[in-house]
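K.L.:
Numbering (this note's numbering), first residue to last: 1 to 87. For glycine and all other residues, C-beta sits at the position ideal for the given N, C-alpha and C. Note that the structure is predicted; figures quoted are calculated from it, not measured. This structure is in structure tokens; I'll ask about it shortly.
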């Protein structure tokens with residue numbers, strides 16, 4: 001059990017190439033989907049068809065993630081420009 005005195009403040013979030021990371025992950029999900037698609041019959045016969053659909057869902061959610069992080073990145077840049085703009 002953690003004592004309250006042992007708790008620490010959360011570290012600052014790491015900022016990096018978020019758009020590129022999400023885009024790369026989305027591409028991987030779609031490649032996995034396309035790679036499994038020719039073997040769908042085998043997956044369905046052995047009760048593993050959900051693997052194929054999981055990859056498609058991961059790619060679809062990745063597209064939503066790309067949209068989200070691009071909007072977030074643009075908002076961060078607008079906020080930074082507004083605070084440094086002298087006019």
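What are the start and end residues of the alpha helix (DSSP H) that includes residue 12?
P.N.:
First-last for residue 12: undefined, no H or E at that position.
K.L.:
According to the neighbour-count rule (16 or more other Cβ atoms, all chains shown, within 10 Å of its Cβ), is residue 59 buried or exposed?
P.N.:
By the 10 Å Cβ count, residue 59 comes out buried.
K.L.:
Any chance the region 45-62 sits against the region 22-36, with 3 or more Cβ pairs inside 8 Å?
P.N.:
Segments in contact, yes.
K.L.:
So, with DSSP's three-state summary, where would you put residue 47?
P.N.:
If DSSP states are grouped into helix, strand and coil, residue 47 belongs with coil.
K.L.:
So, helix, strand or coil for residue 38, using DSSP?
P.N.:
Of the three classes helix, strand and coil, the one that applies to residue 38 here is helix, per DSSP.
K.L.:
As a quick exercise: from 36, 20, 41 and 14, pick the residue whose alpha carbon is nearest that of residue 89.
P.N.:
For the chain, the structure presents residues 1 to 87; residue 89 sits outside this window and is missing.
K.L.:
By a C-beta neighbour count over all protein chains shown, 10 Å radius and 16 as the cutoff for buried, is residue 76 buried or exposed?
P.N.:
Looking at its Cβ environment, which holds fewer than 16 other Cβ atoms inside 10 Å, residue 76 is exposed.
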